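Have a look at the structure below before the remarks.
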Amino acid sequence: MNTREFDVLVLGGGPAGTAAATLLAQRSHRVALVRPTNTPAGALAESIPPSARLLLSELGVLKATDAAGFFPNNGNSVWWANNERRSEIFSRDGNGYHVDRTGLERVLVSAAEAIGARVLIGMTARKAVESETSWKVSCETEDGGMVEIEAPWVLDATGRHGFLARDVRETDRSTTTLAITQRFEKPSGWDEATGNHTLVESYQDGWAWSVPLSPRLRCFTAMVDQRHAELEGREVSEILRGELAKTTHLASMLDHVNAKGDSWACSSSLYHARKYSRPGLLLVGDAGSFIDPLSSYGVKKALASG
Numbered sequence: 029m030n031t032r033e034f035d036v037l038v039l040g041g042g043p044a045g046t047a048a049a050t051l052l053a054q055r056s057h058r059v060a061l062v063r064p065t066n067t068p069a070g071a072l073a074e075s076i077p078p079s080a081r082l083l084l085s086e087l088g089v090l091k092a093t094d095a096a097g098f099f100p101n102n103g104n105s106v107w108w109a110n111n112e113r114r115s116e117i118f119s120r121d122g123n124g125y126h127v128d129r130t131g132l133e134r135v136l137v138s139a140a141e142a143i144g145a146r147v148l149i150g151m152t153a154r155k156a157v158e159s160e161t162s163w164k165v166s167c168e169t170e171d172g173g174m175v176e177i178e179a180p181w182v183l184d185a186t187g188r189h190g191f192l193a194r195d196v197r198e199t200d201r202s203t204t205t206l207a208i209t210q211r212f213e214k215p216s217g218w219d220e221a222t223g224n225h226t227l228v229e230s231y232q233d234g235w236a237w238s239v240p241l242s243p244r245l246r247c248f249t250a251m252v253d254q255r256h257a258e259l260e261g262r263e264v265s266e267i268l269r270g271e272l273a274k275t276t277h278l279a280s281m282l283d284h285v286n287a288k289g290d291s292w293a294c295s296s297s298l299y300h301a302r303k304y305s306r307p308g309l310l311l312v313g314d315a316g317s318f319i320d321p322l323s324s325y326g327v328k329k330a331l332a333s334g
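This is the structure in C-alpha cells:
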C-alpha cells in the first residue's frame, strides 16, 4: 500500500476541516485534507450571519466568497408561538450569505489548496491505527484502491459521521430531532415581503424554516421529533408536505411551486464529545459537537473551531 507522510491529516472537507487545513498551511505545516467527492451535507442550504465575514477574512477567503455570487442574507423573520412577525435586519456588519453548501465548500477547498494544503478529493477514511509517534490512516479511493497516510496529528472534521469522534461522543437523549428538507422553485419569484431573510415558524408539532438561494429558489426544512411524528411507511416528500401544511406562513408560500431535486432527511439531534483533544488528535466542527440549528450559527461555529 502506498504511504504518504504529512505533519497533519485533516479528515473531512467541510467548513471546519477546510478552515483548519488553511490555517495550518498558512503556518507552513505539511497538511493533507481528505474528503469524499460528494457528501450528504452538500445538498444543504445554509444561512451565514454577517459576523462570519471576519472569520472568512482571517482565512483569506472573504473576496472569493463575495465573488461566488451567493444570495445575500440581510436578516431573519420569525413567527414563534403566535402570528406576530418579528424581524431582525442586519446592518452593522453588512450582509451575510445564503449558500448552497456545495458551492461554499468549493470556495473553501480551493482556498486551502491555493495556500498549500494537499487536497485529496475522492477518498474516504476506513481504518486508523495509532502508535506512540503517529497515526496511519487507510483511505479508500473511488476506484476501490487504498492509500495510507501517516501523520503525527489527525484532525477529525467528519461532522456527524465522526470517524474517530464517535468513540468519545455523548448524545442528548432529550431530543430526537429529524430534519426533512426540499428545495422549491417559484417561477414567478417569491413575494418581496419575505426579502432575503431566513424565515422561521413554529407550529404545534415542531418548527420549520426556509432559506432563499435565489429570487426563485428556496429551501424548506421541517424539524420534527421522531418520537411523536408518524413517519413509518411514508415517503419523505409526503412527510415534509404534511409538516409544512401545519404551518401558516410558510405553507402559504408553497402555492404554484415546483420541487427541485429529491427531498431527504437526516438526524439533527444534539450531541457533544466527552473530550475534544489529546496529543495527536483534535475534534473540530460538528465532529465534536452539534448545536441547535435554530441559532443559524452552524457554519460560523465550524469556521471558528477550525
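Numbering (the numbering used here) for the sequence shown: 29 to 334.
Note that beta-carbon positions come from the ideal geometry of N, C-alpha and C, so glycine has one too.
Values in this document were obtained by computation on a predicted structure and should not be read as measured data.
Endpoints, beta strand (DSSP E) assigned at residue i
i	result
GLU176	174 to 179
ARG154	151 to 158
PRO240	234 to 240
ASN286	286 to 295
ASN30	30 to 33
TYR304	Element bounds for TYR304: n/a, residue is neither H nor E.
ALA60	59 to 63
Residue i (DSSP reduced to helix, strand or coil)
i	result
GLU271	helix
GLU263	coil
GLY42	coil
SER138	helix
ARG188	helix
GLU213	strand
THR203	coil
HIS277	helix
ILE208	strand
ALA145	coil
For residue i, the nearest candidate out of the options (CA to CA)
i	options	result
TRP181	LEU309, ALA142, SER216	LEU309
PRO307	THR152, TYR125, SER138, SER162	SER162
ALA156	ALA179, GLY88, GLY131	ALA179
ALA60	PRO43, ARG32, ASP128, ILE76	ARG32
ARG63	PRO77, ARG55, ALA53, GLY41	GLY41
GLU158	ILE267, GLY172, GLU176	GLU176
SER216	MET281, SER85, GLY97	MET281
ARG211	SER333, ARG113, ASP184, PRO243	PRO243
GLU213	LEU90, HIS284, GLY313	HIS284
ASP35	GLY45, THR46, LEU82, ALA53	ALA53
LEU87	THR276, ALA185, ARG55	ARG55
VAL135	ARG201, THR152, ALA47	ALA47
LEU51	ALA140, SER317, ASN30, GLU116	ALA140
7 Å Cβ shell around residue i - same chain, five flanking residues per side excluded
i	result
ALA109	SER230
Close beta carbons around residue i, own chain, < 6 Å, minus the five adjacent residues each side
i	result
ARG154	SER166, GLU168
GLU170	GLY150
TRP235	MET251
Where the alpha helix (DSSP H) containing residue i begins and where it ends
i	result
ALA315	Unbroken run through ALA315: none, as it is neither H nor E.
is_contact[residue i, chain B] using C-beta, thresh 8 Å
i	result
LEU51	Among the chains in the structure shown there is no chain B, since it carries only a single protein chain.
Report task. Ignoring anything shorter than 3 residues or poking outside the segment 72 to 120, list the beta strand (DSSP E) runs there in chain order. Result -> 73 to 76, 99 to 101, 103 to 107, 113 to 117
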